[in-house]
Amino acid sequence: MPMIEFENVSKWFGSFQVLTDVSLSVAQGEKIVVCGPSGSGKSTLIRCVNALEPYQKGRITVNGVHLTEDLKTIHQVRAQVGMVFQSFNLFPHLTILDNLTLAPMHVRKVAKADAEERAMTQLHRVRIAEQAQKYPGQLSGGQQQRVAIARALCMEPQVLLFDEPTSALDPEMVKEVLDVMVSLAQQGTTMICVTHEMGFAREVADRVVFMDAGQIVEQNTPQEFFERPQHPRAVDFLSKILSH
Amino acid sequence: MNETSLSWRQTLFNGKVNTLITVSLLASLVWFAWNFLPWAVFNAVFTADLEACRAARGSGACWGLIEEKWKLIVFGRYPFEEIWRPIVASIMMLAACLVMSQRQWWTPLILFSAAGVIALSVALMIGGFAGLSSIPTERLGGLALTLLLAIVGNILSLPLAVALALGRTSNLPFIRVVCSGFIELVRGVPLITVLFMASFMFPLFLPSGMNPDVLLRVTGGLILFSAAYQAEVIRGGINSVPRGQIEAAQALGMSYWLIQTKIVLPQAFRVVVPPLVNSFIAIFKDTSLVTIVSMFELFGSLRLALADPQWRPFFIEGFIFVALIYWVFCSAMSRYSRGLERDFAVARR
Chain U
1 MPMIEFENVS
11 KWFGSFQVLT
21 DVSLSVAQGE
31 KIVVCGPSGS
41 GKSTLIRCVN
51 ALEPYQKGRI
61 TVNGVHLTED
71 LKTIHQVRAQ
81 VGMVFQSFNL
91 FPHLTILDNL
101 TLAPMHVRKV
111 AKADAEERAM
121 TQLHRVRIAE
131 QAQKYPGQLS
141 GGQQQRVAIA
151 RALCMEPQVL
161 LFDEPTSALD
171 PEMVKEVLDV
181 MVSLAQQGTT
191 MICVTHEMGF
201 AREVADRVVF
211 MDAGQIVEQN
221 TPQEFFERPQ
231 HPRAVDFLSK
241 ILSH
Chain X
1001 MNETSLSWRQ
1011 TLFNGKVNTL
1021 ITVSLLASLV
1031 WFAWNFLPWA
1041 VFNAVFTADL
1051 EACRAARGSG
1061 ACWGLIEEKW
1071 KLIVFGRYPF
1081 EEIWRPIVAS
1091 IMMLAACLVM
1101 SQRQWWTPLI
1111 LFSAAGVIAL
1121 SVALMIGGFA
1131 GLSSIPTERL
1141 GGLALTLLLA
1151 IVGNILSLPL
1161 AVALALGRTS
1171 NLPFIRVVCS
1181 GFIELVRGVP
1191 LITVLFMASF
1201 MFPLFLPSGM
1211 NPDVLLRVTG
1221 GLILFSAAYQ
1231 AEVIRGGINS
1241 VPRGQIEAAQ
1251 ALGMSYWLIQ
1261 TKIVLPQAFR
1271 VVVPPLVNSF
1281 IAIFKDTSLV
1291 TIVSMFELFG
1301 SLRLALADPQ
1311 WRPFFIEGFI
1321 FVALIYWVFC
1331 SAMSRYSRGL
1341 ERDFAVARR
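Heads up: the protein sequence lines correspond to chains U and X, in order.
The first sequence begins at 1 in my numbering and counts up one residue at a time.
The second sequence begins at 1001 in my numbering and counts up one residue at a time.
Structure below.
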């Protein structure tokens, strides 16, 4: 059974169709990189997985749960799916530790001591444990993003979604975040990552999915995709991305 | 020259225009002091001597009015034998406010206890239990009544204001319409109208025989009015919280209420401290409107005091005294607000 299944999914923003008949199957432990020009619907695609965006046609199934507009299915899905955002979205009025323990304590009803222990483990994992008592505003972008990853991991998700996690970072901080993501990938987490970092895609992805104008235009292994792109729009996109 | 402290030349006398403005303002201040101080201080009469006051009329202030009438102004028509009750009650209420103002004590237990103390002080003033004689609420007055109305009105309106703000930003259409309608209705009429309606029309809607006390009706009106304005202020704060944080909280599986209480409202409140305290200060002074329903708070009591024909000519001194009292409380709230903003700015960055 696939971990995530999109079956002929279409989505509209008002009268503008942003996803057209998208079908995608993600197996457990698979690492998918979604790429494409801006406006192609890549972010919308992954935001549909954890119900941040509703969809109008088709069917999305996450770990056996059919995702609908019903709050019950939404909560069931969100309990298993973690997300890391382009703009980190840490809670600025809480310390790093509180950022991480908030959800486990209040959603999973974990005891405070256990939640803090879990949080420190994840902070060690992303190599930022010494910043636990600071506030997000006191950290750099790369550090904040690593905290955001740790925060998602504290809820022990089956799937991790990444929405352009390094696009808002200064170039020298991109590597520290990508390193964390690579180590996560090596530990067997199912990941869907929207990114422009093609080096990361080559290193980690099992499959590269190329989207354009709301449709999945091409999907292949990274090797095949980068060296022998089939679709003309993929060829065009790669020539623009890889040429600077 | 030291860069962190600017000299007079750099600030007040910096260029022709600034110098001109400074000089004119200084001149006005000197002229004002020259005319005001003799009247207010040098030629003034400080004792409650009616003859001396009359003699000094026009050239000197009669602060004796204060000595003569201060009990009426501060306590209203409260029976003098029981005067300890509004004194103790006012001190209790102010102490409770001080406790509630300390951030480090913002736990549910302490806040509820402070609210309980305020309720107790109101009960103390009204009496009717534990051997305390029952004082009809019409006798409450003066500064004690102003404090009661302002404190109860401002504090009890906050939970209602939060509910209205959340309701107005809700996704559920019925709740949103009801809350918006209420806010716009109340904001669309002057406070005087709300008090008038609360006092005279409200009993008409109740089953006959039920006649809630005038103090209750007036406080209720004040609370509704205050809540409508505070709701809009809080809603501004709610809207200022970046949408991305709410999405992150949703992605973590947090429910609507969890998100509001842990993420949105804490940040919203930090941001709206200035306009919210502004609202508190305005309501504090708006309590003077309850004279329309024959409750004699600070300003109303002054007018009662001035009803005395012998002391009526010295109304200016009375107004200055009352204005000073308002100023003391309002500027205290203002200073507190600035302190709070500084605290939050440090944490927020």
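The beta carbon of each residue, even a glycine, is placed where N, CA and C say it ideally should be.
All of these numbers come straight from a predicted model, not from anything done at the bench.
Worksheet item: With burial defined as no fewer than 16 other Cβ atoms inside 10 Å of the residue's Cβ, what is the status of residue 109/U: buried or exposed?
Response: exposed
Worksheet item: So what does DSSP say about residue 1046/X, is it helix, strand or coil?
Response: coil
Discussion item. Mapping the DSSP letters down to three states, classify residue 1057/X as helix, strand or coil.
Written reply: coil
Discussion item. Could you check whether the Cβ of residue 40/U sits closer than 7 Å to any Cβ belonging to chain X?
Written reply: With 7 Å as the cut-off, residue 40/U does not count as an interface residue toward chain X.
Fill in: DSSP three-state assignment for residue 230/U, whether helix, strand or coil
In the structure shown, residue 230/U sits in coil (DSSP, three-state: anything other than H, G, I, E or B).
Worksheet item: Going along chain U, which residues have a C-beta under 7 Å from residue 1267/X?
Response: 93
Practice prompt. Please confirm if residue 1120/X has its CB atom under 7 Å from at least one CB of chain U.
Written response: No, because no Cβ of chain U sits closer than 7 Å to the Cβ of residue 1120/X.
Discussion item. Does the CB of residue 118/U have a neighbour CB from chain X at under 7 Å?
Written reply: no
Worksheet item: Helix or strand or just coil, what does DSSP make of residue 1013/X?
Response: coil
Worksheet item: In the structure shown, what three-state DSSP assignment does residue 1342/X receive?
Response: Correct three-state label for residue 1342/X: helix.
Item to complete: Please go through the same chain and pick out, in chain order, the residues whose beta-carbon is closer than 6 Å to the beta-carbon of residue 59/U, but skip the five residues on each side of it.
Response: 7
Discussion item. Run through chain U and tell me which residues come within less than 8 Å of residue 1270/X, C-beta to C-beta.
Written reply: Close to residue 1270/X, with beta-carbon spacing below 8 Å, are these residues of chain U in chain order: 93.
Worksheet item: Is residue 61/U helix, strand or coil by DSSP?
Response: In the structure shown, residue 61/U sits in a strand (DSSP, three-state: E or B).
Discussion item. Taking the beta carbon of residue 1064/X as the centre, do at least 16 other beta carbons fall within 10 Å, making it buried, or is it exposed?
Written reply: The residue is buried, with at least 16 neighbouring Cβ atoms inside 10 Å.
Worksheet entry | Closer than 7 Å at the beta carbon, the chain U residues around residue 1244/X | 85, 87 and 89
Worksheet item: Span of the beta strand (DSSP E) holding residue 220/U?
Response: 215-220
Discussion item. Could you compute how far the alpha carbon of residue 1349/X sits from the alpha carbon of residue 138/U?
Written reply: Because the pLDDT at residue 1349/X is just 49, under 50, the model does not fix this residue reliably, and the value given afterwards should be weighed accordingly. Between residue 1349/X and residue 138/U, the C-alpha separation is close to 8 Å.
Worksheet item: Helix, strand or coil for residue 211/U per DSSP?
Response: Residue state, collapsed to three classes: strand.
Worksheet item: Where does residue 7/U fall in DSSP's three states?
Response: The answer is strand: DSSP assigns residue 7/U an E or B state.
Practice prompt. Output yes or no for whether 7 Å exceeds the beta carbon distance between residue 126/U and residue 150/U.
Written response: It is a contact, given that the beta carbons lie within the stated cut-off.
Worksheet item: Going along the chain, which residues of its own chain have a beta-carbon closer than 6 Å to the beta-carbon of residue 232/U, five neighbours each way excluded?
Response: none
Discussion item. Strictly under 7 Å for the Cβ-Cβ distance: is residue 1254/X near chain U by that measure?
Written reply: yes
Discussion item. Counting only C-beta atoms, is residue 1248/X closer than 7 Å to chain U at any point?
Written reply: Interface residue, yes.
Worksheet item: Taking buried to mean at least 16 other C-beta atoms within 10 Å of its own C-beta, is residue 1155/X buried or exposed?
Response: Under the 10 Å beta carbon count, residue 1155/X is surrounded by 16 or more other beta carbons and is classified as buried.
Fill in: chain X contacts from the stretch 163-188 of chain U (Cβ-Cβ distance under 9 Å)
Result list empty, no residue passes.
Fill in: Beta carbon of residue 26/U nearer than 7 Å to that of residue 2/U
yes
Discussion item. Less than 7 Å between the C-beta atoms of residue 78/U and residue 99/U, yes or no?
Written reply: Going by C-beta atoms, residue 78/U is not nearer than 7 Å to residue 99/U.
Discussion item. Going by the DSSP bridge assignment, what does residue 17/U pair with across the sheet?
Written reply: Looking at the DSSP assignment, residue 17/U forms a beta bridge with 12/U.
Worksheet item: Around the Cβ of residue 1311/X, are there at least 16 other Cβ atoms within 10 angstroms (buried) or fewer (exposed)?
Response: With 16 or more Cβ atoms within 10 Å of its Cβ, residue 1311/X is classed as buried.
Worksheet item: Exposed or buried, what is residue 133/U when buried is set at 16 or more other beta-carbons lying within 10 Å of its beta-carbon?
Response: exposed
Worksheet entry | Distance, residue 1340/X Cα to residue 1001/X Cα | For residue 1001/X, the predicted structure reports a pLDDT of 47, less than 50, and the residue's modelled location is therefore unreliable. The matter cannot be settled from this model.
Item to complete: Specify the secondary structure class of residue 93/U as computed by DSSP and reduced to three states.
Response: coil
Discussion item. My assumption, with CB atoms under 8 Å, is that residue 1059/X sits in contact with residue 1039/X. Please give the rounded CB distance.
Written reply: Your pair residue 1059/X and residue 1039/X checks out as a contact, with CB atoms roughly 7 Å apart and the cut at 8 Å.
Fill in: Closest by C-alpha distance to residue 1061/X, when choosing among 1280/X, 1202/X, 1308/X and 1316/X
1316/X
Worksheet item: Comparing alpha-carbon positions, which option in 155/U, 157/U, 207/U and 200/U lies nearest residue 165/U?
Response: Among 155/U, 157/U, 207/U and 200/U, the Cα nearest to that of residue 165/U belongs to 200/U.
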